[in-house]
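One structure below.
There are 2 protein chains.
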Amino acid sequence: MTGRQRSWWGWGWTDQALSDEECAAVAAGLPGLSGTPRPVPSLADLPLRGPRVAAPSSLAGCVSETPEERIRHTYGKAYRDVVRALSGDLAAAPDLVACPRAERDVVDVLDWASSAGIAVVPFGGGSSVVGGVEYRGDAYAGAVSLDLTMLDRVLEVDPVGRAARIQAGVLGPALEDQLRPAGLTLRHFPQSFEFSTLGGWLATRSGGHYATLLTHIDDLVESMRVVTPVGISESLRVPGSGAGPSPDRLFLGSEGTLGVITEAWMRLQDRPRFKASASVRFGSFDDAVAAVRAIAQAGLHPANCRLLDPGESALSGASSGSVLVLGVESGHAPVDARLAELVALAGDHGGRPGDVAGADSAAATWRSAFLRMPYVRDGLARMGAIVETFETACTWDRFPGLYRAVRAEVGAAIERVTGAPGTVNCRFTHVYPDGPAPYFTVLAAGRRGAEVAMWDEIKAAASEVLGRHGATITHHHAVGRDHRPGYDRQRPAPFAAALRAAKAALDPAGVLNPGVLLDPV
Amino acid sequence: MTGRQRSWWGWGWTDQALSDEECAAVAAGLPGLSGTPRPVPSLADLPLRGPRVAAPSSLAGCVSETPEERIRHTYGKAYRDVVRALSGDLAAAPDLVACPRAERDVVDVLDWASSAGIAVVPFGGGSSVVGGVEYRGDAYAGAVSLDLTMLDRVLEVDPVGRAARIQAGVLGPALEDQLRPAGLTLRHFPQSFEFSTLGGWLATRSGGHYATLLTHIDDLVESMRVVTPVGISESLRVPGSGAGPSPDRLFLGSEGTLGVITEAWMRLQDRPRFKASASVRFGSFDDAVAAVRAIAQAGLHPANCRLLDPGESALSGASSGSVLVLGVESGHAPVDARLAELVALAGDHGGRPGDVAGADSAAATWRSAFLRMPYVRDGLARMGAIVETFETACTWDRFPGLYRAVRAEVGAAIERVTGAPGTVNCRFTHVYPDGPAPYFTVLAAGRRGAEVAMWDEIKAAASEVLGRHGATITHHHAVGRDHRPGYDRQRPAPFAAALRAAKAALDPAGVLNPGVLLDPV
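Just so you know, the sequences run in chain order A and B.
Numbering of the first sequence is given in the numbering used here, commencing with residue 1 and proceeding in unit increments.
Numbering of the second sequence is given in the numbering used here, commencing with residue 1 and proceeding in unit increments.
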């Protein structure tokens, strides 16, 4: 990996980005796009105002004010971030970037920022797609991006209890590398895995790519250590407790507004030794949904249970019709019987098995498209396409109505906004006994220079449909700043009052990630 | 069940209480106890001060001030409650008992209490063993026990998503009776099941008697409706969400200090159709612990996985040596192969299988003793015995040291306090991949009139050992008032500040269950 460079404007590695020719090729199927990709500006040419604040000399060793560092910490990786970066809009750049080398530096940054009235935006891998790492406004003396990726070590492994004490700034691959010698794994693989951190997963209640059982990072936490402006909160490391409301559950999902997570004891698992996967095809999407519900309620706990609707299936090249990708794994015993049971259950609902054993081709095709998708998204964005996703969760009884309404109403919004029809596809990323987590992909031709505004209007329509159908504003993308209106509608008012009070108690100066979850004080 | 009467001073039904002869018989094995049981006072003879407050006429229909109702709501069902009731100590009796017939009554009671400065103690089945339902002190104009058991209906069943909207005051058996016609079950069976309510389980983060996977009520919640003094908090009913810190997790474990839970959408399961159980005997307790750890980490999810140490095993009549009771069940597929796998895993660690199939005698003996135990406890209490339990959870690496220390130090405390050796036994009630939930039973001869003080001293020693060994002050008995010192030590200070702030926001007059979790304002 040495020498590989992260993209400052788009997803992942620069050497994985689409070439101009590839951009044009992926856009060829979408009418209304210009023939040439928007150029990627040179970092050195980008206009950037000077920093409005300076760090005290005690922090000089861990603070940078170089334009490159500031630009790299301006945005997350949402579609609207990519477009704004490509257009050279860097008004939201932080004044400084702090990279703590130890927890003590985090304490010092919060002390300084609290006393100087400077906004602090915690920054892990920077993969937010909801405006979670971008301070908006000018109510503070300045803004500091607090990059935690130097806190990247597994500090302690307990092989008896299968747990590890891990620094929050570690990226997914480095985390797994450090656990591998012990034969253990956190087994949490969100799509952003390569470019997101443990602390980011915890702060946003991340969902891994496993479809059932241990999907949310929430359930993998034994204890957390959080630096707040009023002191360090460290919960007791126990397998279970009924001692009052869970301290960890207050910080899980707090998105940097209540404190900065610096360490956590995480529950680990034995590395899987047995794996099997299969795909099942359905002529009817309704039948496929019924099959997935039966599977989710049968207690078989497949590792993967991803349903692609006909549009998503065609887009990923996996197949025509609806495709269900099933995967089973275990660190202890062969899983073939369980896979057969799952395929049989799907068969009861009209599913026709694909190739059951080993490397299933539809599953492999889909997985490769899955990992490639963010790079393709960037290529399409350069071509002027509107290409973004949103996700939710709802109970099974509400899904059919929600699916129809999203396709109809978001489709209508696309046509109203862009003047032409677009695509709205759906897959299930996670399934629960009581309902699925549908993930929608939107693809349409934008008008260059107006893409962000156009997307914002489409997204508002999408959020409105979700709210009206009793679906959550976000299953695993977090709230950030972009989901605030929908979140504010979803959140019970007394809980909002309690959260505001907790925030005031922990962050009296109101400097932590202002605008996320709550209005700035 | 018609005509059965609940005991006002002890556990459960009056017709299940031990006779005087049975009391003497169970105490026979314990030297130092008097030959005759303490008499049960007559309700009519008990001295009780008059109510200090009167309800407004608008609440007259749901408020009682009869001595019997007030006495029945004075205590929970801890050992120290039983002894105090038997001795006629009713100083803590509430002034009034309110029994809301609808949520509106709950709102009205909180409005009135907030404006009049009256403490409100939410009361479900009254099975608290930690002083959770007993207001202590005189800083309020009066105290009202808010009995929610008239809110006892399943309001709605969603068979598609397998969930139900349930009123919080329903007792366990009535809840299951209402779900049975739909073929569904909440499958949450704490030892107090017959005499505790859904709302109590939620407010205290109850653990059911299933040993693995879905043990805590927390994980069965889809959404909750909570009446707070500043409004009703109702969370969105979805299978999963990443939208900020979970509102439900703030109220779970809040023990009536932040609001009164009136309804919840609960996740249900198909009723089990296949069951199998077995017992396994071990010559060495350490081997048995190793076997249980291997089982907990193998992903086999037994419904029961109860390990009894030699003392507990002898006491329950199950066997000599250490006994592991294993149970497996499913609503979908036969479970015999899984049971065989579990027994084999135990065998790898030196376990000798008992009778594997069907009604295993050790398991049956133990289960019957389990359900009978609270009545026996009451009988022993009438004989002057000190008989109580405490429970915790810790990581696997800490368990051996904790077990030794608890037996040694609590044993020493018993000898110091009572002047004679007592018994300290242990079983595992729940096991997790990262550690067990050990449950300790203490039995010793007390001195009549001093039992509560003696127990308090023994309990303080126990709590001190738990804290020193990094074990939680409570796994499923909650905090209440009795666990406050240990809880205050366990709880991170910044979280305590956040909780106090949340409490002040939701309960500005500070009337909700004062003294539980937090000091009264």
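Every residue gets a Cβ at the ideal spot worked out from N, C-alpha and C, and that includes glycine.
Nothing here was measured: the structure is a model prediction, and the numbers come from that model.
Cβ pair residue i, residue j closer than 8 angstroms
i, j, result
"A/H476", "A/E391", "yes"
"A/L146", "A/A78", "no"
"B/D15", "B/P37", "no"
"A/E68", "A/L43", "yes"
"B/V226", "B/V260", "yes"
"B/L307", "B/S284", "no"
"A/E22", "A/G379", "yes"
"B/T257", "B/V516", "yes"
"B/I414", "B/A385", "no"
"B/A296", "B/T212", "yes"
"B/V465", "B/V406", "yes"
"A/T197", "A/L148", "yes"
"B/P520", "B/P514", "yes"
Partners in chain B for residue i, counting only beta-carbon separations shorter than 8 angstroms
i, result
"A/L236", "G470, T472, Q490"
"A/D397", "D158, V160, G161"
Neighbourhood of residue i by C-beta, 7 angstroms cutoff - its chain only, sequence neighbours within 5 removed
i, result
"A/S235", "S223, M224, P247, D248"
"B/S58", "D108"
"A/A359", "Only weak support exists for where A/A359 lies, its pLDDT of 42 falling under 50; the value from the coordinates is given anyway. Within the same chain, A/A359 has no close Cβ partners at all."
"A/G449", "none"
"A/A548", "Given a span of 1 to 521 for chain A in the structure shown, any question on residue 548 of chain A remains unanswerable."
Under 8 angstroms from the C-beta of residue i: neighbouring residues of chain A
i, result
"B/C394", "V238, P239"
"B/S233", "P492, A493, P494, F495"
Contact set between residue i and chain A, taken where Cβ atoms lie within less than 7 angstroms
i, result
"B/V230", "P494, A497"
"B/A372", "Reading off the sequence shown, one finds Arg at residue 372 of chain B, where the question assumed Ala. What B/R372 touches in chain A: nothing, since even the nearest Cβ is about 24 angstroms away."
"B/A330", "The amino acid occupying residue 330 of chain B in the given sequence is Ser; Ala does not appear at that position. Here the neighbours are G299."
"B/A432", "In the sequence as presented, Ala is not what sits at residue 432 of chain B; that position holds Tyr. Ordered by position in chain A, the residues that pass the 7 angstroms Cβ test against B/Y432 are P239, G240."
"B/A502", "A498, A501, A502"
Cβ shell of residue i (< 8 angstroms), same chain only, five flanking positions each side left out
i, result
"A/V221", "L202, D248, L252, A264, W265, M266, R267"
"A/H349", "F282, D287, A288, A290, A291, A294"
"A/R273", "S330, G331, H332"
"B/V335", "F274, K275, A276, V328, E329"
"B/P47", "G88, L90"
Same chain, Cβ closer than 6 angstroms to residue i, five either side skipped, listed in chain order
i, result
"A/T474", "H483"
"A/A357", "In this predicted model, A/A357 has a pLDDT of only 43, less than 50, meaning its place in the structure is not dependable enough to derive any value."
"B/A501", "none"
"A/P39", "none"
"B/F193", "G172"
"A/G32", "A420, A445"
"A/Y472", "Here residue 472 of chain A is Thr; the residue named in the question, Tyr, does not match the sequence. So the qualifying residues of the chain are T392, A393."
Residues that residue i bridges to, as DSSP identifies them
i, result
"B/C62", "None, per the DSSP bridge assignment."
"B/R306", "B/V325"
"B/W9", "B/W9 is not bridged to any residue."
"B/F123", "B/D147"
"B/N425", "B/T441"
Neighbour list for residue i in chain A, Cβ cutoff strictly below 9 angstroms
i, result
"B/L155", "In chain order: nothing, as chain A lies at least about 16 angstroms away."
"B/V479", "G242, A243, G244"
"B/L324", "In chain order: nothing, as chain A lies at least about 18 angstroms away."
Span of the alpha helix (DSSP H) around residue i
i, result
"B/W201", "198-204"
"B/I295", "285-296"
"B/E464", "451-468"
"B/W112", "103-116"
"A/R503", "Per the sequence presented here, residue 503 of chain A reads as Lys, with Arg not at that position. Start and end: 493-506."
"A/F399", "399-418"
Extent of the continuous beta strand (DSSP E) run through residue i
i, result
"B/Q167", "163-167"
"B/Y439", "435-445"
"B/D482", "Run containing B/D482: none; DSSP gives neither H nor E here."
"A/D158", "154-158"
"B/F581", "Because chain B is modelled from 1 through 521, residue 581 of chain B falls outside the range shown and cannot be assessed."
Proximal residues of chain B, C-beta to C-beta of residue i below 7 angstroms
i, result
"A/S254", "P245"
Chain B contact residues for residue i, given Cβ-Cβ distances below 9 angstroms
i, result
"A/T204", "G242"
Heavy atom of the ligand MN within 7 angstroms of residue i beta-carbon
i, result
"A/L202", "Ligands displayed in this structure: none; no statement on the ligand MN is therefore possible."
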